[in-house]
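Undergrad:
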Amino acid sequence: MAKKIKKIRRIKKKPIASRFRFDDDSQNYSFKSNYKKVFYLFILIAAYLMAHFGIINPTVMKAQLYEPDLNTKKSAIETGKQIQSDLTVKEKNINSEFVYLKQSFFRVEQSEDFFKLLSNKALDSRLTIATINKISEENYKEPKKDKPDEFDVYENYTQVTYEIKYTGTFPDYLKFIEKIQNEDKSLITNNAVIEKADNGKIHISTNLTLNFINL
Amino acid sequence: MKEQIKRIISIFLRLILKLFKPILGEISLSKENRISIELNNQAITICKINSKKKVITHYIYEEFNFENPDTNIENNQKIYSSKIYEILAREKLIGLEANIILPTSEVSLKTFSIPIMDQDIMDQQVKNPEFWKEFTDLPEQLDETSLSHQIIYTNKVAQQYDVLLAFCNKKKIETINKLLKEAGVNPTLYEPKCLSILNVILANQKTKEREPVALFEYGEKENYFLLSSADKLVFLENPVRKEDAVLIEHLEKVSDASGPFWSEVIDRYLNVVKAGLEETKGIKGFDLKEIFVHTEGFGKSLNYIEIIRKKIPEIRFQELTTLPLEGTSVDAKNLLEDKFIKLKSNVREIMEKMSLSKGVGPYANIGSSIRFLNPYDITEPIKNYFKINLHFLSERIIKNKKIKTQNRFLNMITLLFLILFSSIIGLKAPEYINKSRIVNEYQTTVSLYDQIYEDIKNKNAHIQKIDLEKKLASKILTDKDQFAWLIAQTPSIVPKGVKIDKIEYQKGEHVTFQGVALSDVDLNEFLKNLSETLGNSELTTMSMAEVNLDQEIETSQEKEGEVEQMTSLSNSVRLKNFSIKVNLKRMNG
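If you read the sequences in order, they're chains W and Z. Following this note's numbering, the numbering of the first sequence begins with 1243 at its first residue and continues without gaps. Following this note's numbering, the numbering of the second sequence begins with 1377 at its first residue and continues without gaps.
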């Protein structure tokens, strides 16, 4: 049996001098690294001062100043939310009430509605409209409380007065009046003259004031 | 201008360094882990002291015992370095810095005075070795000489510095430097042996004021007389002939040395002592009472000291020894017994053994191992009075050490500040996070608060506005059409016997009914109905009228959609015309 020959490895011994790393005094060390470190140190101190006195302390002081007000405001918000919710309901209600009221007015931008209404109802009631004349148009006004001679003028509300003449029977006129009433529109008769005519008919001459709204 | 700026910067930097000197000095000293080495062709002596505890931890004396007796340091550096490495590795002293003891015989020591000058100027001047030539004799080849100086006294009256200048051959130091670096130590400090011994003697002094010291060294190689006071140093070489040295060695073997021959030999030796004593005689602070005698290589020196005591009886000659003095009659001085420095038990044994067998004293090694480079010149654990460093790069080493120390200090400060600042920030962080949350929350809350209350305000304003509009609209609408109601009521209030011909209505004023009634009864009924329904009615006119039957009179009444014919007459009938005015003002009221 052949004998296994063990390989001998030659380990190269390092020279003694290379095992130690002494200061290389053959060269002058540079102060640059020291200046660099001083610079870093200043940066570090500056960063700390900035963080401490520029961010942390002001924030803490601010927080101390704000904290009582914050609690007050938080509870005020809770109350405010409740008030807000109540007001929303109130607003909704008052809006719907106002919308309902507005329906009784004619709309300025739809002034033809009045003629449609009048003619339709007259036609339905077999009443003949003889003439329609616009007499006046002006904003709604009220005398001032402290100066009764002067008036508060409300531009959103306009009052238009028409002179209208009809011909028909009295029962038809009654029907007409009833139908108009059912429409629940703001129509006010300022004056009227109902006169008997031939053939059982009557002539009706009225001055009607209509309320227009611009809202 | 440029020079001035440089000078200002230099002063500023010096001030800064002065401010940080204690810290920097401490850092620098703490990093100086040193051993002392005395090396010659035959043996090496190593000593290590723990300066803080003032304990000698290592004392090694090892002979090389090379087979070839001609082996020397100059020619066989590798052999030496390898051997020294083995010793250092065994004693675990590798990588340390080393203070090298140079034989006094190889170093020249000169003392002289120079005028006082500014530190900067002095630093600039000494950079040039030629500067010293103005004050003392120096070798011609200064490039091959290593110089070191120390101001030992500043005489402000005479405006002079007393300077000690040491110089030696640079090549020798270069050789040892290379050799020891290869062996695993970094030699950064070289000092003459005499100053090492002198430093130990001075370190041993317990008095507050520095006392004068005299050291008389004799032996095969080293022969000098050294005198030192607080402000003066006198170094006198003793040029001993080889034959005299052999005779002195032989003196210890002689039973009777009282003859004139020996007296003459010793006189030749003592010439230098006498000269030294003469030189310092009368100088303030130099009243010597004793002279330390130190020798190496001769073994015993009892006879020699005995003779010199007789020659100069007024001075006490004390042999420096490391052997225990207890129970002996020998007038010697063992500095180690004064316990200014402690010894490990094995160290004492080695010292005594070496002293007995080889005649080797440890004082130079001890003196050298208490030396530090001490670049910031702070107070050392054991004070060193003489700080000569003959390393040819000593200035650069000091400068580099300073840079390294400052670097280390800055690293330390930066790290310290980093830890300190991080800790402060870290400790403050939870509070800061909490507080910043409050600040942020406050901003959001304020904005929400403002928003809600703005909304409330707007809503209120809107509600108020709508309410006003609503009230106005209601007011406008309240004005109901009275006429429609009136017309609607008319059929029900007009009796069957009444016929209405005309109705005139004036809003809020009145309404007038004109017509005919069949009878007063009918008219009355009509009036009654009017009063009940509309209010106050007034019959304004009434007259009789005849109506032709051809003329058809109709009164229509609409009741639940049914129209009834009320009256139909023929021929002519007598009727009553009427006009009734109804006041509507009351009705409105």
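Glycine included, C-beta positions come from ideal geometry on N, C-alpha and C.
For Z/C1423 and Z/N1741, which I take to be in contact (beta-carbon distance under 8 Å), what is that distance rounded to the nearest angstrom?
TA: Taking the first residue of the second sequence as 1, we reach residue 1423 of chain Z at position 47. Taking the first residue of the second sequence as 1, we reach residue 1741 of chain Z at position 365. Z/C1423 to Z/N1741, Cβ: 4 Å. Contact.
Undergrad: Listing by chain order, which chain W residues have their CB less than 8 Å from the CB of Z/T1821?
TA: Here residue 1821 of chain Z corresponds to residue number 445 of the second sequence, with the count starting at 1. By Cβ distance, chain W contributes L1312, K1315, K1316, I1319.
Undergrad: Leaving aside the five residues before and after Z/S1770 along the sequence, list all residues of the same chain whose C-beta is less than 7 Å from its C-beta, in chain order.
TA: As a first step, residue 1770 of chain Z must be located in the second sequence, where it is residue number 394. Answer for Z/S1770: S1524, listed in chain order.
Undergrad: For W/K1386 and chain Z, any beta-carbon pair shorter than 8 Å?
TA: Walking along the first sequence from the start, residue 1386 of chain W turns up at place 144. It does not: the Cβ of W/K1386 has no partner Cβ on chain Z nearer than 8 Å.
Undergrad: Would W/E1437 count as contacting chain Z if we go by Cβ distances under 8 Å?
TA: Here residue 1437 of chain W refers to the residue found at position 195 of the first sequence. Closer than 8 Å to some Cβ of chain Z, the Cβ of W/E1437 qualifies, so yes.
Undergrad: Just the chain W side, please: which residues come within less than 8 Å of Z/V1995 by C-beta, in chain order?
TA: Because chain Z spans 1377 through 1965 in this model, residue 1995 of chain Z falls outside it and cannot be assessed.
Undergrad: Could you pull out every residue in the same chain whose Cβ sits closer than 7 Å to the Cβ of W/D1394, ignoring the five residues on either side in sequence?
TA: Along the first sequence, read from residue 1 onward, the residue named residue 1394 of chain W stands at position 152. Here the set comprises K1383, E1384, K1386.
Undergrad: Go ahead and pull the three-state DSSP assignment for W/S1378.
TA: Position 136 of the first sequence, counted from the first residue, corresponds to residue 1378 of chain W. Three-state DSSP puts W/S1378 in a strand.
Undergrad: So Z/F1785 packs on Z/I1403, CB below 8 Å; how close in whole Å?
TA: For this step, residue 1785 of chain Z is matched to residue 409 along the second sequence. For this step, residue 1403 of chain Z is matched to residue 27 along the second sequence. Sure, about 5 Å apart at Cβ, within 8 Å.
Undergrad: Can you tell me the Cβ-Cβ gap for W/N1453 and W/N1432, rounded? I've got them flagged as a contact below 8 Å.
TA: Counting from one through the first sequence, the residue named residue 1453 of chain W turns up at place 211. Counting from one through the first sequence, the residue named residue 1432 of chain W turns up at place 190. W/N1453 to W/N1432, Cβ: 13 Å. No contact.
Undergrad: When the Cα atoms are used, what is the spatial distance from Z/K1546 to Z/V1649?
TA: Stepping through the second sequence from its first residue, residue 1546 of chain Z is reached at position 170. Stepping through the second sequence from its first residue, residue 1649 of chain Z is reached at position 273. One C-alpha to the other measures close to 30 Å.
Undergrad: Between the C-alpha atoms of Z/Q1827 and W/F1340, what's the straight-line distance to the nearest angstrom?
TA: As a position in the second sequence, residue 1827 of chain Z is number 451, starting the count at 1. As a position in the first sequence, residue 1340 of chain W is number 98, starting the count at 1. Answer to the nearest angstrom: the Cα atoms are 27 Å apart.
Undergrad: Counting contacts by CB-CB distance shorter than 8 Å, is W/S1361 in contact with chain Z?
TA: Your numbering for residue 1361 of chain W matches position 119 in the first sequence. With 8 Å as the cut-off, W/S1361 does not count as an interface residue toward chain Z.
Undergrad: Write down every uninterrupted run of the beta strand (DSSP E) in the region 1592-1640 of chain Z whose length is 3 residues or greater and which is fully enclosed by it, in chain order.
TA: Here the runs fully enclosed are 1600-1604, 1609-1613.
Undergrad: What residue range does the beta strand (DSSP E) around Z/L1415 cover?
TA: Translated into positions along the second sequence, residue 1415 of chain Z becomes position 39. It spans 1410-1415 - the beta strand (DSSP E) in which Z/L1415 sits, taken as one unbroken run.
Undergrad: Since Z/T1512 contacts Z/L1541 with CB under 8 Å, what's their CB separation in whole angstroms?
TA: Taking the second sequence and counting its residues from 1, one reaches residue 1512 of chain Z at position 136. Taking the second sequence and counting its residues from 1, one reaches residue 1541 of chain Z at position 165. Going by Cβ atoms, the distance from Z/T1512 to Z/L1541 rounds to 6 Å, so yes, they are a contact pair.
Undergrad: Mind checking whether Z/Y1818 and W/Y1308 have CB atoms under 8 Å apart?
TA: Translated into the one-based positions of the second sequence, residue 1818 of chain Z becomes position 442. Translated into the one-based positions of the first sequence, residue 1308 of chain W becomes position 66. Yes. Within cutoff.
Undergrad: Taking a Cβ distance cut-off of 8 Å, strictly less, list which residues of the region 1329-1362 of chain W are near chain Z, in chain order.
TA: The region 1329-1362 of chain W vs chain Z, Cβ under 8 Å: L1329, T1330, K1332, E1333, I1336, N1337, E1339, F1340, L1343, K1344, S1346, F1347.
Undergrad: Just to make sure I have the definition right: I need the residues of chain W whose C-beta is within less than 7 Å of the C-beta of Z/T1790. Which are they?
TA: Counted from its first residue, the second sequence places residue 1790 of chain Z at position 414. Correct list: K1279, Y1282, L1283, L1286.
Undergrad: Beta-carbon separation of W/V1350 and W/T1400 under 8 Å?
TA: By 1-based counting over the first sequence, the position of residue 1350 of chain W is 108. By 1-based counting over the first sequence, the position of residue 1400 of chain W is 158. Yes, these two residues count as a Cβ contact at 8 Å.
Undergrad: Mind checking who Z/Q1890 pairs with in its DSSP beta bridge?
TA: Counting from one through the second sequence, the residue named residue 1890 of chain Z turns up at place 514. Note: Z/Q1890 sits in a beta bridge opposite Z/K1878, Z/S1955.
Undergrad: Under 8 Å, with one C-beta from each stretch per pair, do the region 1405-1415 of chain Z and the region 1728-1746 of chain Z reach the 3-pair mark?
TA: Segments in contact, yes.
Undergrad: Short of 6 Å in beta carbon distance, which residues of its chain neighbour W/V1402, apart from the five on each side in sequence? Order them along the chain.
TA: Within the first sequence, numbered from 1, the residue matching residue 1402 of chain W stands at position 160. Closer than 6 Å at Cβ, skipping near neighbours: E1379, L1452.
Undergrad: Measuring straight from C-alpha to C-alpha, what distance separates Z/P1871 and Z/F1902?
TA: Translated into positions along the second sequence, residue 1871 of chain Z becomes position 495. Translated into positions along the second sequence, residue 1902 of chain Z becomes position 526. Distance between the alpha carbons of Z/P1871 and Z/F1902 is about 6 Å.
Undergrad: Only counting the same chain, and skipping five residues up and downstream in sequence, which positions put a Cβ closer than 7 Å to that of Z/L1612?
TA: Counted from its first residue, the second sequence places residue 1612 of chain Z at position 236. Cβ neighbours of Z/L1612 beyond the five flanking positions: Y1600, F1601, V1648, A1651, G1652.
Undergrad: So, helix, strand or coil for Z/P1568, using DSSP?
TA: Position 192 of the second sequence holds residue 1568 of chain Z. Here Z/P1568 sits in strand by DSSP.
Undergrad: Just to confirm, are Z/K1397 and Z/I1754 a CB contact at a threshold of 8 Å?
TA: Taking the second sequence and counting its residues from 1, the one referred to as residue 1397 of chain Z is at position 21. Taking the second sequence and counting its residues from 1, the one referred to as residue 1754 of chain Z is at position 378. Yes, they are a contact pair.
Undergrad: Please report whether the beta-carbon of W/L1416 lies at a distance below 8 Å from any beta-carbon of chain Z.
TA: Locating residue 1416 of chain W in the first sequence gives position 174, counting from the first residue. It does: the Cβ of W/L1416 has a partner Cβ on chain Z nearer than 8 Å.
Undergrad: Anyone know if the C-beta pair for Z/K1718 and Z/V1431 falls short of 8 Å?
TA: On the second sequence, position 342 is the one that residue 1718 of chain Z refers to. On the second sequence, position 55 is the one that residue 1431 of chain Z refers to. Yes.
Undergrad: Within this structure, are the beta carbons of Z/E1908 and Z/I1956 separated by less than 8 Å?
TA: As a working mapping, residue 1908 of chain Z is identified with position 532 in the second sequence. As a working mapping, residue 1956 of chain Z is identified with position 580 in the second sequence. It is not a contact, given that the beta carbons lie outside the stated cut-off.
Undergrad: What residues of chain W sit near Z/D1877, judged by a beta carbon separation below 8 Å?
TA: Translated into positions along the second sequence, residue 1877 of chain Z becomes position 501. What Z/D1877 touches in chain W: E1437, K1438.
Undergrad: Let me make sure I understand the geometry here. Which of Z/K1503, Z/Y1529, Z/Q1526, Z/I1527 has the alpha-carbon closest to that of Z/L1518?
TA: Within the second sequence, residue 1518 of chain Z is the residue found at index 142, counting from 1. Nearest C-alpha to Z/L1518: Z/K1503.
Undergrad: How would you write the range of the beta strand (DSSP E) that Z/R1685 sits in, first residue to last?
TA: Within the second sequence, numbered from 1, the residue matching residue 1685 of chain Z stands at position 309. No beta strand (DSSP E) contains Z/R1685, which is instead part of the alpha helix (DSSP H) from 1678-1687.
Undergrad: Using 8 Å for Cβ pairs, my map puts Z/N1614 next to Z/D1714. What's the rounded Cβ distance?
TA: Residue 1614 of chain Z sits at position 238 when you count from the first residue of the second sequence. Residue 1714 of chain Z sits at position 338 when you count from the first residue of the second sequence. About 28 Å; that fails the 8 Å criterion.
Undergrad: Are the Cβ atoms of Z/E1619 and Z/P1479 separated by less than 8 Å?
TA: The residue given as residue 1619 of chain Z occupies position 243 in the second sequence. The residue given as residue 1479 of chain Z occupies position 103 in the second sequence. No, they are not a contact pair.
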